[in-house]
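Asker: Just so we're aligned, residue 2 is where the sequence shown starts under my numbering, counting upward by one.
Idealized CB from N, CA, C, for every residue including glycine.
Provided herewith is a single structure, encoded as structure tokens, for subsequent inquiry.
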Amino acid sequence: MNKYDELDVICSQILNDSDLVIEDDTYQRLIKEKVVSSISSKNDFKSLKIFSLEQIYLSAISPLLHDIGFEIIDELSYKLKRKNTLVYIARFNFNLENSNIVKKSQKNIENIITNSLLDESIVNSKVFSLVYKENFSMQKIKLIRAIIEYLSQALSNITYQSILLTLTSHSHITKLFIDYFIIKFDPKEKSKESKLKKINLEIDEEIKLIPQIMDDKILKLTLSFLQCLLRTNYFFNEETIAFKIDTKRYGENLKGLQPNLENYVYHNDFYGLHLRMSKVSRGGLRWSERYDDYRDEVKSLMITQDAKNSIIIPDGSKGGFVINSKKEVTKEYFERIYSLYINANLDLVDNRIDNKIIRDERIVAYDEDDPYFVVAADKGTAAMSDVANAISIKRNYWLGDAFASGGSNGYGHKELGITARGSLMSTKRFFIEEGINIYEDEISVIGIGSLNGDVFGNGMIESKSFKLLGAISQKEIFIDPTPNVLKAYEERRRLFFDKKSSWNKYDKSVISKGGGVFLRSDKEIILSNEIKKLLHISKKALSGEELARKLLCLEVDLLFNGGVGTYVKASDENSLDIGDKENEALRIDASELKARVVCEGGNLGFTQKARIEYALNGGRINLDAIDNAGGVDTSDREVNLKILLNAVVSQDIISKDEVKTILDSFTQNIVSYVLKSSYKQALAISIDEHFSRRYLSDFIKVIEVLENKVESFNRKAFHIPKNENIKEALDQKSSLVRPILGSLLSYAKIFIKKILMESTLIDEKYFTKFLYSYFPHSFVGAYEKDINNHPLKREIIATKMADFVINSQGATFVSDYARLGHAKFLMKIKAYIIVNELFDVENIRAKIEENDYKLSALEQYRLINKVEYSLYVSTRWMVKYLKNNQLDASHILDHKKELFVLLKEVHKGKIKNIIDKENNFNLFYSVIEYLRFIPAAINIKENSVHSFKDVIVIFYSLIHEFKILEIIFALNRINLSKKSDAAIRHQMLQFIEYIVLHYTSKILDFKRLNEEPELAFSSFMVNDEYSFNKVKSYLESFMNKEEKDLKEISITVNQLMVSLL
């Protein structure tokens, strides 16, 4: 640099005349906008001035200019007065190779600088270089930021910075991406298809020229993302930018189970998403604090929700958002964030008015109609339902206040305690099996949660018999080494109803000697002798995190999780892969857990691998999707009731004010439905648990069916071993572990619901009974027409049918889908439901369930298995021998009233007394072995001139005379040592069916007009006395043998077959 160059540099620092002038238009803008940025065209666009009413420090400006791409030569700050207004001015000189770039982008550069300096929520980023390079507007910068943020969450192996660097380094391709987006979604754009095809080819050609493999990958993934976008609110010009994504299509680029649909919402202050398994889905909205992997958290919750939702109408969904602003999160600010998030999601769905789909004209949609969008509360959003419903009503969204469940016009989960009560109803099954009543017998408990929380608080006041020894909340640790159970219960109740309570407000006088409340963050906690004794340790002190870990590992009857976070992992899992950094330090391995039973009132408390490991070690656990399904069940019933009532309101049959009164009147009705559902699911898993010890191969078939037919079911994701290694998932009693059984139960329901929705079976009038049974009984009488017009009528019927079938028969109901084929399997569903009603089995099941503790759990399971086996055999016969048109519910059920009257008449044996004073129940089990033949008897009657009584009497006489039941019992007792034995047994059972049916038909043909059936049977036997005496001889010889092997049974059955010839 020579002395003249140095002089130029020095002179550039000196103010010139133009620096001392503030133009009128600049001043007027400044007064209005507080900050004005101006690039001077006089100096070949190499100079920038920033005018402000308050001083802006260089440390705030320089990084911004560097991110835009300016190389700063020097800076000069000074101040001037204009009309008594002090104006701060910062002047920057740049080194520019091509001033034409700045000339082209001047307006957008000035705009981005001004907005960034005014708005703290706009974070500096290298993405601003796209303003300089490609003349991006502020809105386009926001769009690119939204794309990068989503991709960095979805593509777990690619960082935000890598995506940012690629898109800014190859700005010309990024510009093409934005052009592609605008063409695709601008409602004013014409000839979209040809233009998109052209620009797609152009992008492909540009990417081919990229030498770096990682850049190539990121650019292709970005293009694929744009191709998978279905809708956007970009052209609404709102604060948020939201996309609707076909994640099912984009999922080929992502790891693990994925949703089928996804909304992503970008705002300077927050990022949000909403994941759905289908267009009819529901789930809660979570305020997440997992900034690095909030999508993973929400996705995990959605997977759990999908399994949980197997008992309700919609599939699973989950929403969530993180607040990334530095502002204090006040109630008002949070409500604003939540409202922006809700509105953005509603921008992406359709409306329904007068049964017509209405779509905003600013939306260009690449998917089918999508009018059903509902939300619920979750962590951090429990008080937001009224806000969401107010938005729904303001937007005239068709669901009105049915949009968000709960709130002032709905069923409040905390007030009902439904999630906690449902989870304990599920977990109660473990204690029933031990003869322990959790409401009467003292149960030692360790808890996770806070008493003012919905799930934990309600859970801990559900039973006076809970002996709570300790609990861990997000900040505190509570320990009560030797509690006074009754006094502790009363104190828990007091704190639960104190909405702002914490463990620190627990009355210290109620805590037993040596106990107390401590902080998880404490560096050192001096331990009392009582705590040492409780924890079986000798150390004098522990940190808060160490103490929490010790509590989790305590040997107790019950670990009740009512909190948020993941506290238990498998021994071979890495905490870094789990997320939830907040609880990482106190997370334990499943092998360390000594609680006998776990209740998962909260979500994701265990990893699935942890559940399996704990169950393999003898622990009793279901999974969160089973235990805490009560909340979503309640919410869904509320929404569907409101949809119905809103339709009635629109007809002026009732007023809007009456809706709340009507809903309130059904509260206990709804609670009873929900708790019953929780009870039945846990019972079904227990039945499957016992069944899997003998019929493991059937469960393998279930897994194969679900893998092939349910896209959201993934063996690897649920940690189910391969078929050849399935025994690795057997517990100490050789049962398939319950966390796997629970998943199979849920997805078997999802599978049946799916195939029913694709069929016309649910449109048959007979199955309307499932629609009616879903609503309170008095509703059906008052609003039958409106119920039949419910927009989710088919979904309700399909869901309730699937729930009924699988809760009754277990997951193995679907095991023969591949063997039967689709059409026959649908017949099987129909046949099973018909035969249930024919035998009046629901009343039988109800009696068994009403007698917990009076009947042992093993006796309950034995009785249920006998019922289900009779139904299974009857159903199998109907599917095998009847044509679809013969499977007529009305004709078959015409015989229901007469059936048990006739069976009582022909039954010669003693009536078993299983439950005192329950005559119908006891009769049922006395004649249960004959029920397997009833569908065949009805079919014979329907195809003959004989009465039902004639057929039943001859059936019964034949079965009794030929010792048919004794032969069947002997076959079922055979220990099958090889596959050929199983084949022979199956063949023998088929022969027996043939023998009974054909002998019955022959005897009916032999019977004379008006002859009594008993006499006809006797005459038939006498008519061929020699042959029958020979058969009887074989039968007597067979019956006298103590050991009846397969060979002896086969010979006896063959003799009966020969007698038919």
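Give a yes or no on contact between the segment 713-721 and the segment 884-896, applying the rule of three or more CB pairs nearer than 8 angstroms.
Answerer: Output reads no: the segment 884-896 does not touch the segment 713-721.
Asker: Do the CB positions of threonine 420 and glycine 632 come within less than 8 angstroms of each other?
Answerer: yes
Asker: Contact defined as beta carbons within less than 8 angstroms: I believe phenylalanine 689 pairs with alanine 812. What is the distance between those atoms, to the nearest angstrom?
Answerer: Sequence inspection shows aspartate at residue 689; the phenylalanine mentioned does not correspond to that position. So it is a contact: roughly 6 angstroms between Cβ atoms.
Asker: For cysteine 554, write down the residues that DSSP places opposite it in a beta bridge.
Answerer: Answer by DSSP bridge pairing: none, since cysteine 554 is not bridged.
Asker: Grouping DSSP H, G and I as helix and E and B as strand, with all else coil, what is glycine 782?
Answerer: helix
Asker: Within the same chain, show all residues whose beta-carbon is closer than 7 angstroms to that of isoleucine 845, passing over the 5 residues directly before and after it, in chain order.
Answerer: Val868, Phe922 and Phe925
Asker: Are the beta-carbon atoms of valine 103 and threonine 169 separated by less than 8 angstroms?
Answerer: no
Asker: Which residues in the same chain as serine 871 place their Cβ atom closer than 8 angstroms to its Cβ, once the five residues preceding and following it in sequence are excluded?
Answerer: Phe840, Ile929, Glu930, Leu932 and Arg933
Asker: Can you list, in chain order, the residues of its chain with a C-beta nearer than 6 angstroms to that of tyrosine 79? Leave out the 5 residues immediately preceding and following it.
Answerer: Ile90
Asker: Per the contact definition of three or more C-beta pairs closer than 8 angstroms, is the segment 297-305 in contact with the segment 315-335?
Answerer: yes
Asker: By Cβ distance, which residues of its chain are closer than 6 angstroms to leucine 16, with the 5 residues on each side in sequence left out?
Answerer: Answer for leucine 16: no residue qualifies.
Asker: What residue range is occupied by the uninterrupted alpha helix (DSSP H) comprising isoleucine 394?
Answerer: 386-395
Asker: Give me the Cα-Cα distance between lysine 199 and aspartate 187, rounded to the nearest whole angstrom.
Answerer: 17 angstroms
Asker: Count the other CB atoms within 10 Å of the CB of valine 902; is the residue buried (16 or more) or exposed (fewer)?
Answerer: exposed
Asker: Just to confirm the assignment, what range does the beta strand (DSSP E) spanning glutamate 601 have?
Answerer: 598-601
Asker: Within the segment 660-695, note down every full alpha helix (DSSP H) run reaching 4 residues or more, in order along the chain.
Answerer: Here the runs fully enclosed are 668-695.
Asker: Look at the alpha carbon of glycine 450 and the alpha carbon of aspartate 120, and state the distance between them as a whole number of angstroms.
Answerer: 38 angstroms
Asker: Can you say whether lysine 541 is buried or exposed, counting buried as having 16 or more other CB atoms within 10 angstroms of its CB?
Answerer: Lysine 541 sits exposed, since fewer than 16 C-beta atoms from the chains shown fall within 10 Å of its C-beta.
Asker: Quick check: what's the CA-CA separation for lysine 1003 versus lysine 905?
Answerer: 25 angstroms
Asker: Which residue wins for smallest C-alpha separation from leucine 605, given the options Glu547, Ile807, Ser572 and Lys380?
Answerer: Lys380
Asker: CB aspartate 558 to CB valine 446, shorter than 8 angstroms?
Answerer: yes
Asker: Just mark threonine 761 as buried or exposed, buried being the case when its beta carbon has 16 or more other beta carbons within 10 Å.
Answerer: exposed
Asker: In angstroms with no decimal places, state the Cα-to-Cα distance between tyrosine 5 and serine 172.
Answerer: With a pLDDT of 40 at tyrosine 5, under the threshold of 50, the modelled position of that residue is not reliable, and the figure given next carries that caveat. Tyrosine 5 and serine 172: Cα-Cα distance of roughly 38 angstroms.
Asker: In or out: proline 936 buried (at least 16 other Cβ within 10 Å) or exposed?
Answerer: buried
Asker: Give every residue of the same chain whose Cβ lies closer than 6 angstroms to the Cβ of leucine 535, excluding the five residues on either side of it in the sequence, and list them in chain order.
Answerer: Pro482
Asker: Here's the rule: buried if 16 or more other CB atoms are within 10 angstroms of the residue's CB, otherwise exposed. What is alanine 571?
Answerer: buried
Asker: Decide yes or no for the touch test of the segment 392-408 against the segment 429-436: beta carbon pairs closer than 8 angstroms, at least 3 of them.
Answerer: No, they do not touch.
Asker: Which same chain residues, not among the five before or five after glycine 460, have their C-beta less than 6 angstroms away from its C-beta?
Answerer: Ala421, Phe561, Gly563 and Gly602
Asker: I need the DSSP call for tryptophan 504, collapsed to helix, strand or coil.
Answerer: helix
Asker: How close, in whole Å, do the beta carbons of lysine 35 and serine 41 come, if the pair is a contact with beta carbons under 8 angstroms?
Answerer: Wrong, their Cβ atoms sit about 21 angstroms apart, outside the cutoff.
Asker: Using 10 angstroms around the beta-carbon of glycine 454, count the other beta-carbons present and answer buried if the total reaches 16, otherwise exposed.
Answerer: buried
Asker: Could you give the uninterrupted runs of the beta strand (DSSP E) lying entirely in the segment 464-510, keeping only those of 3 residues or more?
Answerer: 467-473 and 477-480
Asker: What I want to know is whether the C-beta of glycine 632 ends up closer than 7 angstroms to one or more non-hydrogen atoms of the ligand NAP.
Answerer: The ligand NAP is not part of this structure, which contains no ligands at all.
Asker: If I follow the unbroken alpha helix (DSSP H) through asparagine 1041, where does it start and stop?
Answerer: Looking at the DSSP string, the run of the alpha helix (DSSP H) that includes asparagine 1041 is 1026-1041.
Asker: Go ahead and label tyrosine 490 buried or exposed: buried means 16 or more other beta carbons lie within 10 angstroms of its beta carbon, across all protein chains shown.
Answerer: buried
Asker: Only counting the same chain, and skipping five residues up and downstream in sequence, which positions put a Cβ closer than 7 angstroms to that of phenylalanine 814?
Answerer: Ala749, Val806 and Ile807
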